[in-house]
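For what it's worth, the numbering used here labels the leading residue of the sequence shown as 6, then goes sequentially.
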Amino acid sequence: MVPFRNMLFATLAAAYCATKGIVDLYMAPVKDDYAAYRDCRRPFYDSLEQSLRLGAAHDAPWAIHTPFVKLWKQDIVALGLKLGVPYGETHTCYEGLRPACGVCDACCERLAAFAANRACDPLAYAAGEKTL
Numbered sequence: 006m007v008p009f010r011n012m013l014f015a016t017l018a019a020a021y022c023a024t025k026g027i028v029d030l031y032m033a034p035v036k037d038d039y040a041a042y043r044d045c046r047r048p049f050y051d052s053l054e055q056s057l058r059l060g061a062a063h064d065a066p067w068a069i070h071t072p073f074v075k076l077w078k079q080d081i082v083a084l085g086l087k088l089g090v091p092y093g094e095t096h097t098c099y100e101g102l103r104p105a106c107g108v109c110d111a112c113c114e115r116l117a118a119f120a121a122n123r124a125c126d127p128l129a130y131a132a133g134e135k136t137l
């Protein structure tokens, strides 16, 4: 766990976006992470949105969009499968390995989400996992 990780990501993104005149940020917290990570809940992003508005160099209608905040990871995988997301080109491994390690929390959660959808994960894994 990295304390304030999502706050750091959002703040860095906002700093960059401010230089481009962009005021809409998109973050992807999911329901699975509510219990362990308080910064994966909508109230956190509501507060951060207000902080961006108060701390910006000029008035701007900052908005942090969290389209997946009420969805479980397996629901997101299902939606992606329906939409044809090229999951083989996505990466979630906390170890940053290519191929993915297949054993870190992020890899295990990803594999579980694919298994819940009775689908094979097309991502390459070091240990050869495709489903749980």
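Ideal placement from N, C-alpha and C gives every residue a C-beta, glycine not left out.
Judged by their CB atoms, Pro104 and Ala129 are nearer to each other than the 7 Å cut-off. By the beta-carbon neighbour count (other beta carbons within 10 angstroms, threshold 16), Arg123 is exposed.
Judged by DSSP in its simplified three-state form, Leu86 adopts helix. For Tyr130, the three-state secondary structure derived from DSSP is strand. By alpha-carbon distance to Asp29, the top candidate from Tyr39, Phe119, Leu13, Leu57 is Leu57.
When C-beta atoms of the stretch 58-65 are compared with those of the stretch 79-88, fewer than three pairs fall below 8 Å, so the two segments do not count as touching.
In this structure Cys45 touches Val35 by the C-beta definition: roughly 7 Å separates them, less than 8 Å.
Looking at the DSSP output, Asp29 shares a beta bridge with Ala68.
DSSP, read as helix, strand or coil, puts Ala18 in helix.
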